[in-house]
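So in the numbering used here, the last one in the sequence shown is 1267, and the numbering has no gaps at all. Working notes, structure below.
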Amino acid sequence: MLEPPKFVDNDCYNGSRSFAWLADMVGLSVDLVNFLICQISALFLASLFRSMLHPSKVSSKLRHTFALSIGLAFGYFCFGQQAIHIAGLPAICYIVIRTQDPRIVQRAVLLVAMSYLLCVHLMRQLYDYGSYALDITGPLMIITQKVTSLAFSIHDGFVRRDEDLTKAQQYHAIRKMPSALEYFSYVWHFQSILAGPLVFYKDYIEFVEGYNLLSSPPGNGNLENSKREVVLEPSPTKAVIRKVIGSLVCAFIFMKFVKIYPVKDMKEDDFQNNTSMIYKYWYAMMATTCIRFKYYHAWLLADAICNNSGLGFTGYDKDGNPKWDLISNINVLSFEFSTNMRDAINNWNCGTNRWLRTLVYERVPKQYGTLLTFALSAVWHGFYPGYYLTFATGAVVVTAARTGRRLFRHRFQSTQVTRMFYDILTCMITRVVLGYATFPFVLLEFMGSIKLYLRFYLCLHIISLVTIFILPKFIRGDRSARSSNGSGSVRLSSGKDGSVTSGLPATAAAAALTAGNDLNEDGAQDKHAQCKVNTPTHQQPSAAALHNNTTEQQPNEQPNNVNPRPRPQLLQQQPDKMPMPRCARDAVSVPHDQCEMDQLSSKLKEKIEAETKNIEEFIDKTVTETVSGIVEFKNDLMRDIEFPKLKLPGSAPLESLAGGGLRKRNISSVHDNGTDPGNAPADLHSSLEENGAAFLKKEIEVINAVVQQAVPAVLSNGHAK
C-alpha cells in the first residue's frame, strides 16, 4: 500500500472493482478498500487456520494447500492480471533452486530475483510514474526477500560448515530441499503476501508442521517428563486484540491528519516561497509523521494476522506468559520516542533489517559490508531519485549524530535534571531530522526535493558536516566512551516497499553507509533486546499430538529444528563446539550499542549497578579489614588452642611433628633464618609462645579499633551513596 495524498481512483489499477460502491461510500480509493477487505478477511481466516486446521487435526499438506490458495486468491483480487508476476518470479527462482549447484545457488537466485524485481520497478515508473496506488511491486519485494533468504539458507545447509556460520545462519540453515508444495506455500501464504512481514523459511515450516510450539512453559516446572507430550499452546487473543486496536488508532490518526498535511503541497511554489523556515520544518516533520502512521497501521494489522494464525510465537517469558514477537516489523513507541537515529533505525522495518544483515553484511568482507548493504537496499526499493536523496542525507546525519553524541552527551550526565533535558532535546532533534531527511522519499521527485532543500538553505547538511569535520578539532569528546559508540551494531533498515513493508530506508541504508563501527559480530547481546531474545528452548511436540513423521532430527540440534537430512561432516563435529541457537529470536537478534538513556529499564539497571559498585567499594575500605582480622584471629586460635596435642591413631603425637604444637603465624623469622621449628630448642619454643600471646593481644586491640570505626560509618553512611 503506497501513500495516497488524495483518495482517488487510479486508471492504471488492475485489481477488482467489485467494491467501488463501498469505496465511494467511505471516501477511499478502490485499491485501499480491496487491501483492507483482504486483510480483514485474512484476520478471520487466520483464526480458522489455527483452530480447525490445527496441526494436531489435519496434515501439514492440507495446511500448506489452504495457505497458498488463499494467498493466490488475495493476490488476484488486489492486482488482477498483474498477479502473474506473483507466480512468475517464485516459479523461475524455484527452477533455479532445483537445478543449480548449492555452491552457487544463492548468487543465482539473488541475481534472478533482483533482476525480475527491478524490471517490474522500471515498468511501473514508465507507465504510472509517481503513482500512490496499490501495485504489484509491494508483494514482489516481499517475495524477493523470501526466495533469496531461502536460497542462502540452502547454501548454508548444504555447503558450509557449522563453525563458519553465524548463529543466525546456523539457525536458518536448510538441509532438506523444499518440495514444491512447501516452497510455494512459503512464498504465497495469505498471512504475509500483501504487507509482510518477512518470515524465514525454517520458522514458517515449523509453524505449519507444529514444531514451533513448546511442550510446557517454564513456569510449569512441576510437570513431569512423562507428561511432556501434552502441548500447551498459548492463546494469541490478547496480543491480537492489542495489535488490532493499535492498528485502528494509527489508521484514524493517518486519516485525520494526512489531508491536513498533504505531502504534495511541499512541491508547490506557494509553499516554498511564501512560508517561513520554521513552518517548512514543521510541515515536513508533520507530513512525514502522518505517512508513517499508515505504515504502522498496515504492519500492526499484518502482525496481528500472523499471530492469530499461531505464527510469531517465540516461547514463554520467565513468568510463563506467551511471547508473540518473532516477526514483529515495527516498535511504534520506541521509534517515535527514540533519542537518536540509531534507535530509530533499529525499531523500523525490522524484517528488512534482518534480511539485509543475513544476506549481505555478514557474508561479504568487512571493508565492503556497509557499501554493499546500502547498494542492495537502494536498488531493492526501485529507481525513484527521491529514494537516493534520502539515503544520502541519512548517511550524513547519522554520522553527524554519532559524532555529536560522543562530543556532547557525557556533559549532560552529571545530574538527573541534565540527563532528562538531554533526552528530551535529542528526542525533539531526532523528530526534526527525520522529517528533513525523509521527505524526498515520499515526494519521489528529484527537482522538487532539491528545491525544497535549497529553501532550507541545506542547513542540516551544513550542520552535519561541521559536526563531523570541524567540531572534533575544538571540542574534546568523551574519552571513556568507545570509539563511534563502540561495538554496538545498527540493524540496517530499508524503508518503504511498494506495499507497506518499507518506509524510511533513508535512515536505514544511510546507516549502512556510515555505521561501519556500529556493526559487529552477532555474539554480543543487546541489553535493550534481552527481554525478547532470551526465550526458552523450543521443544518438539510428540508424534501423537502432531501429524508429521516425515523429518529426522539432526543430532546436534534442539528438538524444534526441522532438519531431516544431516550432512556427514556434521556427524563428526563435537556438539559443544558451537551451540545452536535455541530459538528464532536468539538467531535473528541484532546486537547494537548500549544506550542507557534510551530505555527506562536500562536506566534502572545502570542506577542499580552504580549503587552496587559504591557499596562494594565501601565494604572494601571498611568491613573487609574487620573480616580479614577476624579470619586471621580465628586461624591462630585454631592453630594454637584447639589442636595443641592432637594425636593421630597409630602415629606419633602431632606435637612431635610440629615442635610441640602447630606452627604459629609469627614464626616466619625462624624459616627465614633456616631453622626448622621441629628441631628448635626449648627456649625458642617458649619465646614463640610469648610472641603468640603478644600477637593475640595485639590482634584483639586491632579488631576493637576497626570495629569502633566501621560500625558508626555503616550506620551513618550505609545509604549515603
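Built from N, CA and C at the ideal position, the CB exists for glycine as well.
Reference residue i; option with closest CA among the options
i: Ala890; options: Thr904, Asn875 and Trp901; result: Asn875
i: Pro782; options: Gly742, Asp849 and Leu740; result: Asp849
i: His927; options: Phe698, Ala633, Val988 and Lys713; result: Val988
i: Gly626; options: Gln691, Tyr862, Gly897 and Tyr559; result: Tyr559
i: Phe704; options: Ala592, Val651, Thr936 and Ile688; result: Val651
i: Ser1010; options: Ile1021, Val943, Phe958 and Asp969; result: Val943
i: Glu728; options: Ser695, Ala629, Ile824 and Lys607; result: Lys607
i: Met723; options: Phe954, Glu709, Ser597 and Lys748; result: Lys748
i: Met887; options: Leu846, Ser923, Lys912 and Thr945; result: Thr945
i: Leu950; options: Arg649, Gly676, Leu857 and Leu971; result: The question names Leu, but residue 950 in the sequence shown is Gly. The candidate whose alpha carbon is nearest that of Gly950 is Leu971.
i: Leu857; options: Tyr842, Phe803, Pro780 and Val910; result: Pro780
i: Phe881; options: Gln913, Leu847, Leu574 and Thr835; result: Thr835
i: Thr821; options: Leu953, Phe1002 and Thr898; result: Phe1002
i: His735; options: His667, Lys789 and Arg609; result: Arg609
i: Ala726; options: Ile638, Val572 and Lys784; result: Ile638
Supposed contact pair residue j and residue i - C-beta distance, whole angstroms, cut 8 angstroms
i: Val978; j: Tyr827; result: 6 angstroms
i: Met812; j: Leu998; result: 6 angstroms
i: Cys973; j: Thr885; result: 5 angstroms
i: Thr904; j: Gln716; result: At roughly 11 angstroms, the Cβ-Cβ gap does not stay under 8 angstroms, so Thr904 and Gln716 are not in contact.
i: Ser855; j: Phe595; result: 5 angstroms
i: Ala654; j: Leu635; result: Not a contact, Cβ separation roughly 14 angstroms.
i: Phe746; j: His718; result: 5 angstroms
i: Ile700; j: Ile643; result: 7 angstroms
i: Pro986; j: Gly932; result: 4 angstroms
i: Glu908; j: Thr712; result: 5 angstroms
i: Leu902; j: Thr919; result: 5 angstroms
i: Cys852; j: Gln737; result: 5 angstroms
i: Ala844; j: Tyr807; result: Not really, about 19 angstroms apart at Cβ, beyond 8 angstroms.
i: Arg504; j: Phe954; result: Residue 504 lies beyond the residue range present for the chain, which begins at 547 and ends at 1267; the question has no answer from this structure.
Alpha-carbon to alpha-carbon, residue j and residue i
i: Gly742; j: Val809; result: 25 angstroms
i: Ser995; j: Leu578; result: 27 angstroms
i: Pro1112; j: His600; result: Note that Pro1112 scores a pLDDT of 40, beneath 50, so its modelled location is shaky and nothing firm can be said.
i: Gln1118; j: Leu990; result: Its pLDDT being 41, under 50, Gln1118 is placed unreliably in this model, and the coordinates cannot settle the point.
i: Asp702; j: Ala941; result: 32 angstroms
i: Tyr829; j: Leu1017; result: 30 angstroms
i: Tyr750; j: Tyr732; result: 7 angstroms
i: Tyr862; j: Cys896; result: 21 angstroms
i: Lys603; j: Leu618; result: 24 angstroms
i: Thr1047; j: Gln818; result: The pLDDT assigned to Thr1047 is 40, lower than 50, so where the model puts this residue is not dependable; a value taken from the coordinates is nonetheless given after this. Rounded to whole angstroms, Thr1047 to Gln818 spans 31 angstroms at the Cα level.
i: Asp1122; j: Arg706; result: The predicted model places Asp1122 with a pLDDT of 43, which falls under 50 and marks its position as unreliable; any figure quoted below should be read in that light. C-alpha separation (whole angstroms): 18 angstroms.
i: Val878; j: Leu759; result: 27 angstroms
i: Tyr662; j: Leu656; result: 10 angstroms
i: Val795; j: Ile630; result: 35 angstroms
i: Asp815; j: Leu1000; result: 13 angstroms
i: Phe929; j: Lys692; result: 21 angstroms
i: Phe839; j: Arg952; result: 32 angstroms
Close Cβ partners of residue i (< 8 angstroms) along its chain, the five nearest in sequence each way excluded
i: Asn580; result: Gly561, Ser562, Phe565, Phe623, Cys624 and Leu680
Residue i, enclosing alpha helix (DSSP H) - first and last residue
i: Pro685; result: Thr683 to Phe704
i: Lys840; result: Met823 to Asn854
i: Ile586; result: Val576 to Ser597
i: Arg563; result: First-last for Arg563: undefined, no H or E at that position.
i: Ser874; result: Note, Ser874: premise wrong, no alpha helix (DSSP H); not H, not E.
i: Glu728; result: Ala726 to Trp734
i: Lys603; result: Looking at the DSSP string, Lys603 is not in any alpha helix (DSSP H), and its letter there is neither H nor E.
i: Cys665; result: Val651 to Tyr673
i: Thr949; result: Pro931 to Phe954
i: Trp926; result: Lys912 to His927
i: Cys973; result: Gln962 to Leu989
i: Gln715; result: Lys713 to His718
i: Gly1023; result: No alpha helix (DSSP H) contains Gly1023, which DSSP labels as neither H nor E.
i: Lys748; result: Tyr747 to Glu755
i: Phe803; result: Thr783 to Phe803
i: Ser1010; result: Cys1005 to Phe1015
i: Gly634; result: Ile630 to Thr645
i: Gly994; result: Phe992 to Arg1001
i: Val900; result: Just to set this straight, residue 900 is Arg in the shown sequence, not Val. Cys896 to Leu902 is the extent of the alpha helix (DSSP H) around Arg900.
i: Gln818; result: Asp815 to Asn819
Spatial neighbours of residue i in its chain, beta-carbon cut-off 7 angstroms, leaving aside the 5 residues before and after
i: Pro685; result: Gly621, Ile632, Ile739, Leu740 and Ser1045
i: Thr976; result: Ser884, Thr885, Asn886, Met887 and Ala890
Minimum Cβ-Cβ distance from residue i to chain E less than 8 angstroms
i: Leu1006; result: Although the question refers to chain E, the structure presented lacks it and comprises just one protein chain.
6 angstroms CB neighbourhood of residue i in its chain, flanking five on each side removed
i: Gly792; result: Leu846
i: Val804; result: Cys836
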